[in-house]
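Enquirer:
Numbering (the working numbering), first residue to last: 2 to 107.
1) Taking the alpha carbon of residue 43 as the reference point, which residue from 98, 80 and 103 has its own alpha carbon closest?
2) Just to confirm the assignment, what range does the alpha helix (DSSP H) spanning residue 55 have?
3) Assuming residue 82 contacts residue 69 (C-beta within less than 8 Å), just tell me the rounded distance between them.
4) Could you give the first and the last residue of the continuous beta strand (DSSP E) run that contains residue 84?
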């Protein structure tokens with residue numbers, strides 16, 4: 002019985018460590034997104050490259066860009082081509098993280 006409890010606790014500990022590693026990776030991606038979109042005004046080549054390093058693909062539409070995480074059509078985020086205010090980048094980071102990144106890590 003004591004051995005079974007030890008195995009169970011070890012398994013839960015390993016599970017906790019794995020979950021923590023996954024959430025750390027998600028937080029790292031969020032920090033990178035904040036850095037990329039800090040002064041977002043328009044999409045340019047450097048932003049596209051930085052997003053590609055994270056795993057986000059940018060597809061250009063008529064009025065919006067569509068961002069896909071890991072080329073998965075289920076996780077799509079529209080980003081306006083002409084942002085309306087100074088908080089557009091910060092709001093985009095929050096929405097990208099909550100709609101694209103977090104669902105794939107949790």
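Ideal Cβ placement from N, Cα and C applies to all residues, glycine included. This structure is a prediction, so every number in the text was calculated from the model and none was measured.
Expert: Quick look at the numbers:
1) Taking the chain shown and counting its residues from 1, one reaches residue 43 at position 42. Selected option, being the one with the closest Cα: 80.
2) Stepping through the chain shown from its first residue, residue 55 is reached at position 54. Note, residue 55: alpha helix (DSSP H), 46-55.
3) In the chain shown, residue 82 corresponds to position 81, counting from 1. In the chain shown, residue 69 corresponds to position 68, counting from 1. Not really, about 17 Å apart at Cβ, beyond 8 Å.
4) Translated into positions along the chain shown, residue 84 becomes position 83. Per DSSP, residue 84 belongs to no beta strand (DSSP E) and is neither H nor E.
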